[in-house]
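**Q** Take this structure, written in structure tokens, and hold onto it; I'll ask about it next.
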Amino acid sequence: MQNFSNQCLDLARSLLGNNLKHLNPDGTVSPAPGEQPRADEPGHAALAIGEFFRASGEVELEGHDLFDLSARCVTQQAFNEDSHENGLAYAALGLLSFGASKERNPVWERLTDPTREQLDECLLSRSDHEDHFQAFNIAKSVARFSFGLTKKDDTGKVIDRFVERIESHGTGGFCNDDPKGTHGVYNLYGLLSFIFIRQALQLHANVHLKDRKLPKLRTFAERYLKLLPDMTRQDGLGWTYGRSVGAYGQLHCISLILQAMRDNWIPPEKHALYLNTLRRLFQYFFVTYLDQEKGELVIRDEERNTVPNHTTRMANFDAARYLCQWSRLAKVIGGSMAVPAPQRSSTGGRFVPFDKSHRKEHGLFLYRDENIGIQYQMPLIGPGQKTTSDNLAFPHCPGIFDWTVNKYLPVMIPELTFGKDVIIPSFYGKNCVTGIGLKKALYLRFNQPEFVRTDGSFANGIGSCQVQWTFGNGKVSSEFVFQVKNPISMDRMRLALVIGSPHSSHRLGTTLRQGPEGLRAKVEVDDFQASWSAFETVSDNPDYRGYSGNVHYVQFLARDHPLVMRPGQQYKLILSYEPDVVFADE
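Numbers given in my numbering equal positions in the sequence shown, counted from 1, plus 688.
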């Protein structure tokens, strides 16, 4: 792991060195062209600088005094009226990185008295959160006690409250990032929460608290940890569904694995499996998102995009921070990454339940077929605050089954319109069942007793739907059976196929794309009598981009004239796909 450690630190030095020039004298961050600055960017920069100091021990970089830069960023974050709680949490941990007590902290010494008073007031002021923002409250509590700003350490209580929220908002032990919504949103931010809390506890002045709380946190963090080997594709692509994936879908997964190995959460017989997963995740991140010539992390360009609230500067500081963290963790873990890949079955699939109640179920279906290299992630989660294709219940697999970032399209799922009610068979299920069908194919079957609208709300009283997805032998099939409770006119039906590709230059040669025969989509049964539209070319449209590559074409299976649907009758739509899967460089 020593070589890996050195490589991470060299990359962090390059990334951080190229981004420190964007820090202004007042601690603000100059935005990238075409972007708007975020209020919490100084906090992200402060933590990146602090992590670099912890990993390297260096006090200067590219002629910049790191103590001075960090003090400026912390000051800016403390006095920023629009500052978000996460920015203060990042800044507080960045400050702690230079010393666990203010008497031995060179950055604290450079802060003025008004800044120290303002920081004390900001760390004391906390809103109670039920989503991933509660992790930032834990970091603020850690910083306030460690700096001696309070004699009472309430970190343990805040952690207990965080865990209680997980248990109360889901039966599977996963973080629900939209607990007040109709449906649970179980996405990458749950992973971020545990990584951030673990990092905060490592910096806590009270080491005994860490020893007391880690077993409780481990119980829930291990649920995410067990997902990662089954989520990681043969080319190293990691977490691909939900909001804010892309580069962060690689960063968070790598960090959790390294933290778990450092804490001995992974049994020895599983080391080879997780080291192989780690190696592939890092390689994909390194080739796909790092511009090695410029020394920058690229999250948006002419071929790809990401969520609006992720800026280029923030992502670069976050990547530098993570690289420094990986360097430190790899040194502690020791050993070698040169281990043979573990032997396991070439195909497999499972449904991971997130929440199960009398009315609805949420979960994630994972399927892999290493014979052709594919790995599908099909979430059954709510849409969150904004409906996009990220959370829809179709098999996410960039390069094969693509979708658009920041845009909603009914990808591989029929969307039915009844007047003002636009419904889609996604977001929740009931009686979720997995099993083995014909020719050893795996299937996921679920019901929707009530239609659900595209915004996640229930359309009670209109109808119900049964859904079955089947995977096996290189094929994917979907079956949708709709029934209505009263006679009603359906205005239109549509289903979208999105054709994309990996990035033209920032990609692995072994990453996957569609071959010349494409998806080989076939309509097996269609009671809606829909027809395929012509391909719509969107290669040059900036509104159609993926997280890692471009989107070129969109095609719809649509019925644009009304259909009177009657109770007691089933309306089926069955499609099959046999994608032509090839390597990007073939």
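Even glycine gets a Cβ: it sits at the ideal position worked out from N, Cα and C.
The structure displayed is predicted, hence computed values, not measured ones.
1) When you compare each of Leu897, Thr870, Leu969 to methionine 919 by their alpha carbons, which one comes out closest?
2) Please confirm if the stretch 765-775 is in contact with the stretch 742-752, defined as three or more CB-CB distances below 8 Å between the two stretches.
3) Is it buried or exposed for glutamate 805, if we count other Cβ within 10 angstroms and need 16 for buried?
4) Could you check where the beta strand (DSSP E) with arginine 911 kicks off and where it finishes?
5) Under the three-state reduction of DSSP, which class applies to tyrosine 1096: helix, strand or coil?
6) Have a look at the DSSP bridge pairing and note the partners of phenylalanine 1146.
7) Give the secondary structure of alanine 1184 by DSSP, where H, G and I count as helix, E and B as strand, and everything else as coil.
8) Give the straight-line distance between the Cα atoms of arginine 931 and arginine 1195, rounded to the nearest whole angstrom.
9) Please look up how many angstroms separate the CB atoms of proline 719 and arginine 1001, rounded, as I've assumed it's under 8 Å.
10) From leucine 1132 to valine 1252, what distance separates their C-alpha atoms?
11) What is the rounded straight-line gap between the Cα of arginine 1013 and the Cα of histidine 732?
12) Please go through the same chain and pick out, in chain order, the residues whose beta-carbon is closer than 7 Å to the beta-carbon of threonine 965, but skip the five residues on each side of it.
13) How big is the Cα-Cα spacing for aspartate 1143 and phenylalanine 1106?
14) By the DSSP assignment, the alpha helix (DSSP H) with glycine 878 in it spans what residues?
15) Following the continuous beta strand (DSSP E) through proline 1067, name the residue where it begins and the one where it ends.
16) For threonine 1035, which residues in the same chain have their Cβ closer than 6 Å to its Cβ, ignoring the five residues on either side in sequence?
17) What are the start and end residues of each continuous alpha helix (DSSP H) run of 4 or more residues lying completely inside the stretch 1027-1059, in chain order?
18) Would a C-beta distance cut-off of 7 Å place leucine 781 and leucine 735 closer than the cut-off?
19) My guess is that cysteine 1153 and phenylalanine 1039 are in contact by the Cβ rule of under 8 Å, so how many angstroms apart are they, rounded?
20) Fully enclosed by the stretch 1200-1263, which beta strand (DSSP E) runs are 3 residues long or longer?
21) The beta strand (DSSP E) spanning glutamate 1167 covers which residue range?
22) Taking C-alpha atoms, which residue in Gln695, Met689, Leu699, His752 lies nearest to asparagine 712?
23) What residue range does the alpha helix (DSSP H) around methionine 949 cover?
24) Assess contact between the stretch 1044-1063 and the stretch 1079-1094, defined as three or more Cβ pairs (one per stretch) separated by less than 8 Å. Is contact present?
25) Take glycine 1037 as the anchor and find which of Ile1069, Asp808, Asn1161, Tyr1232 has the nearest alpha-carbon.
26) Just mark arginine 886 as buried or exposed, buried being the case when its beta carbon has 16 or more other beta carbons within 10 Å.
27) Which residues share a DSSP beta bridge with aspartate 979?
28) Which partner residues of glycine 815 appear in the DSSP bridge assignment?
29) Buried or exposed: which applies to asparagine 1059, given that a residue is buried once 16 or more other Cβ atoms fall within 10 Å of its Cβ?
30) Compute the Euclidean distance between the alpha carbons of aspartate 923 and leucine 889, then round it to the nearest angstrom.
31) Would you give the residue range spanned by the beta strand (DSSP E) that valine 1020 belongs to?
**A** Taking the geometry as given:
1) Leu969
2) no
3) exposed
4) Unbroken run through arginine 911 is the alpha helix (DSSP H), 895-913; no beta strand (DSSP E).
5) coil
6) Val1140
7) Reduced to three states, the DSSP call for alanine 1184 is strand.
8) 22 Å
9) With 8 Å as the limit, proline 719 and arginine 1001 qualify as a contact, their Cβ atoms being about 6 Å apart.
10) 30 Å
11) Sequence inspection shows glutamine at residue 1013; the arginine mentioned does not correspond to that position. If you take the alpha carbons of glutamine 1013 and histidine 732, they lie about 14 Å apart.
12) Closer than 7 Å at the Cβ level, and outside the excluded window around threonine 965, lie Leu916, Pro917, Thr920, Ile945.
13) So the two alpha carbons sit approximately 15 Å from each other.
14) 876-890 is the extent of the alpha helix (DSSP H) around glycine 878.
15) 1062-1068
16) Asp1057
17) none
18) yes
19) About 18 Å separates the two Cβ atoms, so there is no contact after all.
20) 1200-1202, 1210-1214, 1239-1247, 1251-1253
21) 1163-1172
22) His752
23) 935-950
24) yes
25) Asn1161
26) With 16 or more Cβ atoms within 10 Å of its Cβ, arginine 886 is classed as buried.
27) DSSP links aspartate 979 through a beta bridge to Glu984.
28) Per the sequence shown, residue 815 should be read as serine rather than glycine. Serine 815 pairs with nothing; no bridge assigned.
29) exposed
30) 33 Å
31) Per DSSP, valine 1020 belongs to no beta strand (DSSP E); it is in the alpha helix (DSSP H), 1000-1021.
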